[in-house]
Amino acid sequence: DELAIWTPEYNEGRVAEKWNISGDFTSMTLNIRDGITFHNGSKLTADDVVGMYELTYDKSNSHGGLKTLKAQFGDTVEDLKKNVVASGTHTVTMTTSKPFPHWEGFLGRASVPWYVPDWSYVKGVGPDEAAKSPVGSGSFKFAKHTAGESILVEAVENHWRQTPNFRQLEFQIVPEYATQLALLASKRGDLMAMSVDQ
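Here it is in structure tokens:
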């Protein structure tokens, strides 16, 4: 799950149940929803949210939001840890030295999505292994990845938001547009992305 879905038109809390931005725009406090569990049964806490940002600072990471994070919280993981703090089991406090009017960008789809991983799991197996077999809290859980071919996820029964309407979802990796169309036409695929030109 992401922290929230936010656009100029609406906002919806997900992992972050609510948030408060200070009047001077130098801090934001997140209240993390109680009772969310990861697919492995561990409870999601504020430490996992802080870990999500820490993971973004990994040297091999090319996350689109890294430049924005560093501009607000500093260049190193140590800087980040001073400015993004689990101030309680279900509270995260973020501070910056100068006013920042776009705090919602750290919540979700305003700029790039921030998905909360099981931080204990990531630290235990390492980021590379966690990427091969991710553990999250969303309405679908990771089932299988066939490199260069597909990713399979399965519905989570009684998910805290909503149980999906179908049991499995497979993302097929098909780079050629003509092959994508052929899969769709032959009903071996259900949906595909398409540009305006296409």
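Numbering (this note's numbering), first residue to last: 9 to 206.
Using N, Cα and C, we set each Cβ at its ideal position, and we do this for glycine too.
Selected residue, minimal CA-CA separation from methionine 202, among Thr104, Glu62, Lys75, Glu184: Glu184
Local Cβ density within 10 Å of glutamine 80, reported as buried at 16 or more and exposed below that: buried
Presumed contact (8 Å Cβ cut-off) between valine 57 and valine 100, rounded CB distance: 5 Å
Per DSSP, cross-strand counterpart(s) of valine 130: Valine 130 is not bridged to any residue.
Sequence-distant residues of the same chain with beta carbon closer than 7 Å to valine 143, five excluded per side: Phe46, His47, Asn48, Pro125, Asp126, Tyr129
Per DSSP, cross-strand counterpart(s) of isoleucine 40: Ala24
Inter-stretch contact at 8 Å, needing at least 3 Cβ pairs: the stretch 89-104 / the stretch 22-41: yes
Identity of the residues DSSP links to leucine 160 by a beta bridge: Lys152, Glu178
Member of Leu199, Arg169, Phe174, Gly156 whose CA lies at the smallest distance from the CA of alanine 163: Phe174
Classification of valine 204 by the beta-carbon crowding that lies within 10 angstroms, buried from 16 upward: exposed
Sequence-distant residues of the same chain with beta carbon closer than 7 Å to serine 158, five excluded per side: Glu178, Phe179, Gln180, Ile181
Sequence-distant residues of the same chain with beta carbon closer than 8 Å to lysine 106, five excluded per side: Thr34
Enclosing alpha helix (DSSP H) for glycine 59 [first to last residue]: 54-64
Strand pairing of threonine 99, partner residues [DSSP]: Asn39, Gly96
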